[in-house]
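To start, the structure itself, in structure tokens.
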Amino acid sequence: MVWEAVEGAQKALELIMSGDPMVIEITLRSVYVSGLATLLASSWSLPLGAAIALKNFRGKRPVKGLFNTLLGMPTVALGLLLYLALSRSGPLGFLQLLYTPMAIALGQAILVTPIIVSFTVSAIESVDPEIRDLARTLGASELQAGLAVLGEAAGGVVLAVTASFNRAIAELGVALMVGGNIRGATRVLTTTIALETTRGEIVLGIALTIILLLVVFSLSLAVNLAGRRTTWRF
Amino acid sequence: MEVLMELKDIVKTYGRITALDHVSLKVRRGETLALLGSNGAGKTTMLKIMGGILKQDSGNIYYGREKIDDRNLKLLRRNSTMVFQKTVLFNSDVYGNVAYGLELRRIPEADLEHRVREALSQVGLEGYEKRPVKTLSGGEQQRVSLARALALKPELLLLDEPTANLDPENAAAVEKIIKEFKGATTVILATHNLFQAKRLSDRIAYMARGVLVEEGSPEEIFQRPRDERTARFVRGFAF
Numbered sequence: 009m010v011w012e013a014v015e016g017a018q019k020a021l022e023l024i025m026s027g028d029p030m031v032i033e034i035t036l037r038s039v040y041v042s043g044l045a046t047l048l049a050s051s052w053s054l055p056l057g058a059a060i061a062l063k064n065f066r067g068k069r070p071v072k073g074l075f076n077t078l079l080g081m082p083t084v085a086l087g088l089l090l091y092l093a094l095s096r097s098g099p100l101g102f103l104q105l106l107y108t109p110m111a112i113a114l115g116q117a118i119l120v121t122p123i124i125v126s127f128t129v130s131a132i133e134s135v136d137p138e139i140r141d142l143a144r145t146l147g148a149s150e151l152q153a154g155l156a157v158l159g160e161a162a163g164g165v166v167l168a169v170t171a172s173f174n175r176a177i178a179e180l181g182v183a184l185m186v187g188g189n190i191r192g193a194t195r196v197l198t199t200t201i202a203l204e205t206t207r208g209e210i211v212l213g214i215a216l217t218i219i220l221l222l223v224v225f226s227l228s229l230a231v232n233l234a235g236r237r238t239t240w241r242f
Numbered sequence: 079m080e081v082l083m084e085l086k087d088i089v090k091t092y093g094r095i096t097a098l099d100h101v102s103l104k105v106r107r108g109e110t111l112a113l114l115g116s117n118g119a120g121k122t123t124m125l126k127i128m129g130g131i132l133k134q135d136s137g138n139i140y141y142g143r144e145k146i147d148d149r150n151l152k153l154l155r156r157n158s159t160m161v162f163q164k165t166v167l168f169n170s171d172v173y174g175n176v177a178y179g180l181e182l183r184r185i186p187e188a189d190l191e192h193r194v195r196e197a198l199s200q201v202g203l204e205g206y207e208k209r210p211v212k213t214l215s216g217g218e219q220q221r222v223s224l225a226r227a228l229a230l231k232p233e234l235l236l237l238d239e240p241t242a243n244l245d246p247e248n249a250a251a252v253e254k255i256i257k258e259f260k261g262a263t264t265v266i267l268a269t270h271n272l273f274q275a276k277r278l279s280d281r282i283a284y285m286a287r288g289v290l291v292e293e294g295s296p297e298e299i300f301q302r303p304r305d306e307r308t309a310r311f312v313r314g315f316a317f
């Protein structure tokens with residue numbers, strides 16, 4: 009097993025250095041699909057998270073609890089639900105999205121929505137409540153005061169978005185069930201790893217896993233380094 | 079003396095707790111007025127309402143001749159600023175903190191930079207512009223808060239126990255800065271410290287349990303208090 013891991017690492021290096029077209033295509037598709045999913049999810053989850061954190065409303069606690077609970081949503085369960093919804097006879101069948109990269113992106117966006125919402129709420133709520141009053145007393149409107157709070161929470165919000173991308177690119181259930189792992193169309197890193205491993209191509213599976221880990225760790229490292237040098241002010 | 083702000087019959091409650099109970103007060107332009115009282119007297123609530131960051135349940139506020147409501151709340155927020163008891167700073171450098179209010183007012187960059195440096199100089203923090211606020215001591219952080227307020231050149235400066243969390247040396251430094259601005263701007267200082275009120279203010283309004291008990295010159299409050307509650311408070315601390 010150790011030998012296979014070493015071989016896998018060697019193979020990964022070879023695949024990266026040689027610029028293997030299949031590996032490049034699959035890696036780029038994974039980054040594209042999960043990047044799109046993160047963008048989509050951010051577009052609705054960030055405002056939603058900010059609204060939940062900044063507004064006081066009846067039922068706030070159950071709403072937060074719901075999103076926290078959904079953090080543990082099994083990807084296969086979500087994949088199955090989406091499959092049923094997107095299949096030809098399903099309620100969203102007319103969109104003809106099943107077995108397309110967009111279907112994977114949509115599924116992953118839904119999957120990571122609770123991550124962005126919950127982490128955003130938590131980041132904003134951890135900001136000193138007096139920051140809002142401070143902004144107001146310095147002449148800020150309500151909107152500007154809200155943005156000042158968001159600025160203070162930006163580190164946590166960026167972490168939420170990064171974690172979401174990592175979760176999306178590393179998940180298998182949704183990509184497999186609504187993507188179908190079609191070569192040249194919907195094959196992404198995780199589905200290829202699963203396929204190659206079941207076919208006995210352990211070394212290739214390990215090589216692709218190393219590439220996947222490199223993508224995830226590189227992004228996290230880059231965001232971490234950028235975060236140290238950045239002061240967020242909206 | 080011209081009245082800068084007038085509060086008429088202000089009531090503010092938090093659930094069952096009445097923080098301000100029909101409080102009326104006139105603030106004169108250019109004076110330093112101390113809101114004196116124990117913890118829970120309603121001083122912070124009063125300052126927040128005066129600064130337009132908290133809304134009263136009932137009663138009226140007049141700024142100059144303008145009655146303040148939701149439509150012209152900005153008038154209050156743009157002409158006054160508050161320094162909080164607990165130092166509250168944005169997570170950035172000193173410059174970013176002091177510049178924030180000026181940026182909101184769209185002050186041109188060159189003027190903005192000048193005003194930030196001037197304010198930092200006034201509080202003895204020249205050269206601190208690029209220092210992250212987290213690396214400063216408590217006293218320095220409170221001075222950044224003061225600089226941030228002073229940079230705005232507010233008509234009305236609201237100070238909420240500005241030395242409560244400071245050691246005697248830093249407290250003295252902050253008091254010195256406040257003294258330098260006496261007369262130049264209208265200052266309302268919330269404090270539970272009798273001696274500080276005496277040292278810094280032209281007039282004192284004594285508050286207890288959300289009620290404005292009485293107001294007068296430091297001499298009147300300390301030597302000839304009209305109300306028994308004021309007398310007890312003054313005696314309790316003085317002897």
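Chains B and L supply the protein sequences, listed in that same order. The working numbering applies: residue 9 is where the first sequence begins, and numbers increase by one. The working numbering applies: residue 79 is where the second sequence begins, and numbers increase by one. Glycine included, every Cβ here is placed at the ideal spot set by N, Cα and C.
For this session: Tell me the start and end of each unbroken beta strand (DSSP E) in the stretch 152 to 230 of chain L that is at least 3 residues and wholly inside, in chain order.
Result: Within the stretch 152 to 230 of chain L, the runs of beta strand (DSSP E) at least 3 residues long that lie entirely inside it are, in chain order, 158 to 161.
Exercise. Would you report the Cα separation of Val-39 (chain B) and Asp-148 (chain L), rounded to the nearest angstrom?
Worked result: Between Val-39 (chain B) and Asp-148 (chain L), the C-alpha separation is close to 48 Å.
Exercise. Measuring CB to CB, does Thr-83 (chain B) end up less than 8 Å from Thr-194 (chain B)?
Worked result: Going by C-beta atoms, Thr-83 (chain B) is not nearer than 8 Å to Thr-194 (chain B).
Exercise. What separation, rounded to the nearest whole angstrom, lies between the Cα atoms of Asp-189 (chain L) and Tyr-173 (chain L)?
Worked result: Our two residues, Asp-189 (chain L) and Tyr-173 (chain L), have alpha carbons roughly 14 Å apart in a direct line.
Problem set entry | Inter-residue Cα distance where the pair is Leu-221 (chain B) and Leu-227 (chain B) | When only Cα atoms are considered, Leu-221 (chain B) and Leu-227 (chain B) end up about 10 Å apart.
Exercise. When burial is assigned at 16 or more other CB atoms within 10 Å of the CB, is Arg-221 (chain L) buried or exposed?
Worked result: With 16 or more Cβ atoms within 10 Å of its Cβ, Arg-221 (chain L) is classed as buried.
Exercise. In terms of residue numbering, what span does the alpha helix (DSSP H) encompassing Glu-258 (chain L) cover?
Worked result: DSSP places Glu-258 (chain L) inside the alpha helix (DSSP H), whose first and last residues are 246 to 258.
Problem set entry | Buried or exposed (CB count within 10 angstroms, at least 16 for buried), Thr-264 (chain L) | Buried: at least 16 other Cβ atoms inside 10 Å.
Exercise. Beta carbon of Ile-132 (chain B), beta carbon of Ala-161 (chain B): below 8 Å?
Worked result: In this structure, Ala-161 (chain B) lies closer than 8 Å to Ile-132 (chain B) by Cβ.
Exercise. Under 9 Å Cβ-Cβ, which residues of chain B neighbour Lys-162 (chain L)?
Worked result: According to the sequence provided, residue 162 (chain L) is Phe. The question's Lys does not apply to it. Within chain B, the residues near Phe-162 (chain L) are Glu-138, Asp-141, Leu-142, Thr-145.
Exercise. Do Gly-294 (chain L) and Ala-97 (chain L) come within 8 Å of each other at the CB atom, strictly closer than that value?
Worked result: No, these two residues do not count as a Cβ contact at 8 Å.
Problem set entry | Bridge partner(s) assigned by DSSP for Tyr-140 (chain L) | Beta-bridge analysis with DSSP links Tyr-140 (chain L) to L:Glu-84, L:Lys-145.
Problem set entry | Own chain partners of Ala-49 (chain B) with C-beta closer than 7 Å, once the 5 adjacent residues on each side are dropped | Exclusion of the five residues before and after Ala-49 (chain B) leaves Ala-117, Val-120, Thr-121, Ile-124, Ser-172 as the residues of its chain whose Cβ lies within less than 7 Å of its Cβ.
For this session: Could you tell me the distance, in whole angstroms, from the CA atom of Ser-170 (chain L) to the CA atom of Glu-207 (chain L)?
Result: Going from the Cα of Ser-170 (chain L) to the Cα of Glu-207 (chain L) covers about 10 Å.
Exercise. Using a Cβ-Cβ distance under 8 Å, would Ala-148 (chain B) count as near chain L?
Worked result: For Ala-148 (chain B), at least one C-beta of chain L is nearer than 8 Å to its own C-beta.
Problem set entry | 8 Å contact criterion, which Val-252 (chain L) and Leu-224 (chain L) should meet: CB distance rounded | With a Cβ gap of about 7 Å, Val-252 (chain L) and Leu-224 (chain L) count as contacting.
Problem set entry | Alpha carbon of Gly-202 (chain L) to alpha carbon of Val-223 (chain B), nearest angstrom | Spanning the two alpha carbons is a distance of roughly 49 Å.
Exercise. In the structure shown, what three-state DSSP assignment does Lys-63 (chain B) receive?
Worked result: Note: Lys-63 (chain B) maps to coil in three-state DSSP.
Exercise. In this structure, does DSSP put Arg-140 (chain B) in helix, strand or coil?
Worked result: DSSP places Arg-140 (chain B) in helix when its eight states are reduced to three.
Problem set entry | Cβ of Leu-182 (chain L) within 8 Å of any chain B Cβ | Leu-182 (chain L) belongs to the set of residues whose beta carbon lies under 8 Å from a beta carbon in chain B.
For this session: Have a look at Val-244 (chain B) and Gln-200 (chain L) and give me their C-alpha separation to the nearest angstrom.
Result: Outside the modelled stretch of chain B, which goes from 9 to 242, sits residue 244 (chain B), for which no answer is possible.
Exercise. Roughly how many angstroms lie between the CA atoms of Val-255 (chain L) and His-192 (chain L), to the nearest whole one?
Worked result: Note that residue 255 (chain L) is Ile in the sequence shown here, rather than Val. Roughly 19 Å between the two C-alpha positions.
Exercise. Glu-160 (chain B) touches chain L at which residues, Cβ-Cβ below 7 Å?
Worked result: Per Cβ cutoff of 7 Å: Phe-168, Asn-169.
Exercise. Between Tyr-178 (chain L) and the rest of its own chain, which residues show a CB-CB distance below 8 Å, the 5 nearest in sequence each way excluded?
Worked result: So the qualifying residues of the chain are Phe-168, Arg-226.
Problem set entry | Ile-185 (chain L) at chain B interface by Cβ criterion, 8 Å | No, no contact with chain B.
For this session: Kindly indicate if chain L contains any beta-carbon less than 8 Å away from that of Gln-116 (chain B).
Result: No, because no Cβ of chain L sits closer than 8 Å to the Cβ of Gln-116 (chain B).
Problem set entry | Nearest to Arg-307 (chain L) (by Cα), restricted to the options L:Val-89, L:Ala-119, L:Ile-95 | Closest option to Arg-307 (chain L), Cα to Cα, is L:Ala-119.
Problem set entry | Contact set between Gln-18 (chain B) and chain L, taken where Cβ atoms lie within less than 8 Å | Within 8 Å Cβ-Cβ: nothing; Gln-18 (chain B) doesn't reach chain L, min ~45 Å.
For this session: Please classify Ala-153 (chain B): is it buried, with 16 or more other beta-carbons within 10 angstroms of its beta-carbon, or exposed?
Result: Buried, since its Cβ has 16 or more Cβ neighbours within 10 Å.
Exercise. Can we say the stretch 87 to 102 of chain B touches the stretch 26 to 42 of chain B, given the rule of at least three CB pairs closer than 8 Å?
Worked result: Not touching, per the Cβ criterion.
Exercise. Using Cβ-Cβ distances below 8 Å, what residues of the stretch 136 to 165 of chain L are close to chain B?
Worked result: Cβ proximity to chain B below 8 Å picks out Lys-152, Arg-155, Arg-156, Ser-158, Thr-159, Met-160, Phe-162, Lys-164 from the stretch 136 to 165 of chain L.
Problem set entry | For Gln-104 (chain B) and Leu-114 (chain B), the rounded distance between their alpha carbons | If I take the Cα positions, the gap works out to 13 Å.
For this session: Pick helix, strand or coil for Asp-305 (chain L), following the three-state DSSP scheme.
Result: Annotated three-state conformation of Asp-305 (chain L) is coil, per DSSP.
For this session: Check whether the Cβ atoms of Val-182 (chain B) and Gly-43 (chain B) sit closer than 8 Å, and answer yes or no.
Result: For the 8 Å CB-CB criterion, Val-182 (chain B) and Gly-43 (chain B) do not form a contact.
Problem set entry | Whether Lys-121 (chain L) touches Gly-130 (chain L) by CB criterion (8 Å) | Not closer than 8 Å, so no.
Exercise. What did DSSP end up calling Ala-316 (chain L) once you bin it into helix, strand or coil?
Worked result: Legend: pLDDT at Ala-316 (chain L) = 43, less than 50; position of this residue unreliable, no value from coordinates given.
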